[in-house]
Amino acid sequence: MQPFQIAQQTATPEFALRQNRVLRNTYALLALSMAPTLLGALVGIQLNFSFMAGSPVLAFVLFLGVAWGFMWGIEKTKNSGMGVVLLLAFTFFMGLMLSRILQVALGFSNGASIIAMAAGGTGAIFFVLAGIASTTKRNFSGLGKFLFAGAILILLAALANAFFQIPALALTISALVVAIFSAFILYDINRIVRGGEDNYITATLGVYLSVYNVFVGLVHLLLVFTGQRE
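Each residue of the sequence shown is one higher than the last, beginning at 3 in the working numbering.
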C-alpha cells in the first residue's frame, strides 16, 4: 500500500475502525500465544530438552529450517483458522526452544529473579513502545529497511558465533537483539495503526517474534551481568 493511499484512508472512520479491529485482534492473539509458549517452556524444562546441544551449528541451521517452515505455513494460511492453529503450534515450538536458556538461568542461585526481571523488562518495553506507536502521528515506516538489515546482521553474527563460541560476540549479539527487536515492536505496531498491515495473524507473528527475542536477549544480558552461580 502506497503512503499516499494510506494518508487518504486514515481520514475515513471506516479505516480507523478496521485498523482498530486488526490491532485489537493482534493483541488478543498475542496474549493467547503466550500460553503455548509457556507450556512449551515448562515441558522443555521438565524433560531437560536439548536441541542437538552437541552440534550448535547444525542445531542453529535446523532450528531456522523448522522456524521458517512454520512461518511459511502461517503466511500461506493467514486468511483461515489454520493460520491461528499453526501460529499457536509455532509458539509451542518456540517455548521448547526457550527452555534451553531458562534451564541455564535456573542453574544460577538468582535465576528465577533474572527470568522475572527479563519478563518485566520485556513487558515494559512492549507497553511503552506499543503505546507510542499507536498514539503518535509520526510514521515509522522508514525504519523498515534498517531494521531488516539489522536482523540479517544478527542472523549472520549468530551463525558465525555458533562456529566460534566467542562470549564477547554473544554479548554483543544479545544487546543488538534487544535494541533492534524493540524497534521492531515500534515499527510493527505503527504499521498496523497506519494501515500497512491488515491481517492480524501476520501482525501477531511479527510482534510475537520481536517480544520473544527481546526477552531472550534480556535474559542473556542479565545472566552475564547479574547472574550468581550456586
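For every residue, glycine included, the Cβ atom is placed at its ideal position computed from N, Cα and C. Predicted model only: the values in this text are computed from it and were never measured.
Grab me the residues of residue i's own chain with a C-beta within less than 7 angstroms of its C-beta, minus the 5 sequence neighbours each way, in chain order.
i      : result
Ser184 : Ile127, Leu131 and Val216
Pro165 : The sequence given here has Phe at residue 165, not Pro. Excluding sequence neighbours, Phe165 sits near Val59.
Gln21  : Ile194, Val195 and Gly197
Leu224 : Ile116, Met119 and Ala120
Ile175 : Ile156, Ala159, Ala160 and Asn163
Gly237 : Here the chain has residues from 3 to 232 only, and residue 237 is not among them.
Ala107 : Gly113, Ile116, Ile117, Val221 and Leu225
Going by DSSP in three states, residue i sits in which element: helix, strand or coil?
i      : result
Arg23  : helix
Arg193 : helix
Phe51  : coil
With C-beta atoms as the reference, is residue i less than 9 angstroms away from residue j?
i      : j      : result
Val65  : Phe92  : What sits at residue 65 in the sequence shown is Phe, not Val. For Phe65 and Phe92, no; Cβs fall outside 9 angstroms.
Ser272 : Gln230 : Lying before the first or after the last residue shown, residue 272 is absent from the chain, which here runs from 3 to 232.
Phe94  : Pro38  : yes
Ala159 : Ser101 : no
Ala153 : Leu188 : no
Gln105 : Ile168 : no
Leu207 : Glu77  : yes
Val179 : Leu32  : no
Leu171 : Phe62  : no
Ser35  : Leu98  : no
Ile191 : Leu149 : no
Val226 : Leu155 : no
Met96  : Ala69  : yes
Does the distance between the C-beta of residue i and the nearest non-hydrogen atom of the ligand PLP fall short of 8 angstroms?
i      : result
Phe166 : In the structure on display, the ligand PLP does not appear, and there are no ligands present to speak of.
Apart from the five residues on each side of it in sequence, which residues of its chain come closer than 6 angstroms, Cβ to Cβ, to residue i?
i      : result
Gly85  : Ile76, Thr79 and Ile203
Gly123 : Leu220
Phe186 : Leu149 and Ser212
Give me, in chain order, the residues of the same chain whose beta-carbon lies closer than 8 angstroms to that of residue i; leave out the 5 immediate sequence neighbours on both sides.
i      : result
Gln177 : This sequence places Ala at residue 177; Gln is not what is there. Excluding residues within five positions, the ones whose Cβ falls inside 8 angstroms are Gly219 and Leu223.
Leu88  : Phe72, Gly75, Ile76 and Thr79
Val247 : Residue 247 is absent from the structure shown; the chain starts at 3 and stops at 232.
Thr138 : Asn192
Leu41  : Phe94 and Gly97
Checklist entry - Is there contact here, the segment 216-230 with the segment 106-126, by at least three beta-carbon pairs under 8 angstroms? => result yes
Item to check | Within the segment 116-201, ranges of the alpha helix (DSSP H) (whole runs, at least 4 residues) | outcome: Within the segment 116-201, the runs of alpha helix (DSSP H) at least 4 residues long that lie entirely inside it are, in chain order, 146-166 and 169-195.
Item to check | Contiguous alpha helix (DSSP H) assignments of at least 4 residues, all confined to the segment 61-120 | outcome: Here the runs fully enclosed are 83-108.
Next on the checklist: Contact between the segment 199-213 and the segment 24-32 is defined here as three or more beta-carbon pairs at a separation below 8 angstroms; is this criterion met?
Outcome noted: yes
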